[in-house]
Amino acid sequence: MFSDFSSDFGRPSSGGSESPAVLEWSDELEAEIRQVFKGKFDSLVVAFRTFDKDKDGKVSREEMKQGLVNLKLPLSLAQINAIVKRADADGSGEVDYTEFKDMFATGLKAEQKRAEQLEAAKKVKQDEEKKKKIL
């Protein structure tokens, strides 16, 4: 499935532009990464420990980049940065195990939790937009 995404890397975007068409992020790409993790690692703990090279209990942006490169995932730097940003719930710039698990866990419970988080984020955005209209 990654071949579906990687086949567009480096191609000009539609409309004849010379800039490469790079898919920055999508739910499908996130799901694909989860499936690769599920196939490559016995557990998310093992995956996290593999990524956490300096064993400080956090995965830095550089560790995430190197871990994904080592898995031969065809991701751009923008996509890797998006992964860290999406996973980094506390805004520290690094991903701890709980954040890693929340991002990459598979199964019904994980999907429900992500759906709840998405709904909460949408509500916050709608509330912010309402406040802007009032002002």
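Residue numbers for the sequence shown follow the numbering used here, so the first one is 368 and each next one is one higher.
Backbone N, C-alpha and C define an ideal beta-carbon position, used for all residues, glycine too.
Q) With C-beta atoms as the reference, is residue 462 less than 7 Å away from residue 455? A) Against a cut-off of 7 Å, the Cβ pair of residue 455 and residue 462 comes out as a contact.
Q.
Given this structure, state the Cα-to-Cα distance separating residue 453 from residue 397, to the nearest angstrom.
A. Inter-residue distance for residue 453 and residue 397 is about 10 Å (C-alpha atoms, whole angstroms).
Q | Secondary structure of residue 439, DSSP reduced to three states | A | Residue 439: coil per DSSP, three-state reduction.
Q: Using a threshold of 7 Å, state whether the C-beta atoms of residue 438 and residue 447 are closer than that.
A: For the pair residue 438 and residue 447, the CB atoms are not nearer than the 7 Å cut-off.
Q. Would a C-beta distance cut-off of 7 Å place residue 471 and residue 404 closer than the cut-off?
A. Going by C-beta atoms, residue 471 is nearer than 7 Å to residue 404.
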